[in-house]
Amino acid sequence: MDRLIEYFQQFPLFFWALAALAAAMAALGVLLIVRAFAKRKASSKTPPRDAEL
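For what it's worth, the UniProt record's numbering labels the leading residue of the sequence shown as 1, then goes sequentially.
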């Protein structure tokens, strides 16, 4: 753990970049999950074509 703190003190930008990358990936994952659920919900709302006939 002390070694990690030493690295963080030497290269703070690297750790901030890593944290920003992780946050961006998490946001992208949440966005994809939300879009998939919204698409699934929208497709279940539209009636099937057979119902119109």
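Where is the CB? At the ideal position from N, CA and C, for every residue including glycine.
Practice item. Have a look at Ile5 and Arg40 and give me their C-alpha separation to the nearest angstrom. Key: Residue numbering aside, residue 5 sits at position 5 when the sequence shown is read from its first letter. Residue numbering aside, residue 40 sits at position 40 when the sequence shown is read from its first letter. The straight-line gap from Cα to Cα measures roughly 45 Å.
Review point. Do you know offhand how far Ile33's Cα is from Ala24's?
Key: Position 33 of the sequence shown holds residue 33. Position 24 of the sequence shown holds residue 24. The alpha-carbon separation between Ile33 and Ala24 amounts to approximately 14 Å.
Review point. Which same chain residues, not among the five before or five after Ala19, have their C-beta less than 6 Å away from its C-beta?
Key: To locate residue 19, count along the sequence shown from 1; it is residue 19. Same-chain partners within the cutoff: there are none.
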